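In this note's numbering, the protein residues as written are 264 to 295.
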């Protein structure tokens, strides 16, 4: 399933959003 996340941010994403994206990518790469 797909999930959409919205972050209250201006031009740059908050650190929490970047950390979450990095964790998501790391888990996908680890299983590849």
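Backbone N, C-alpha and C fix where the C-beta goes; we use that ideal spot for every residue, glycine too. None of the values given here were measured: they were computed from a predicted structure.
| Query | Result |
| --- | --- |
| Would you report the Cα separation of residue 267 and residue 284, rounded to the nearest angstrom? | 12 Å |
| From residue 288 to residue 295, what distance separates their C-alpha atoms? | 11 Å |
| Would DSSP call residue 272 helix, strand or coil? | coil |
| Straight-line CA distance for residue 272 to residue 282? | 15 Å |
| Just to check my reading of the structure: residue 270 and residue 276 have Cβ atoms closer than 8 Å, yes? What is that Cβ distance to the nearest angstrom? | 6 Å |
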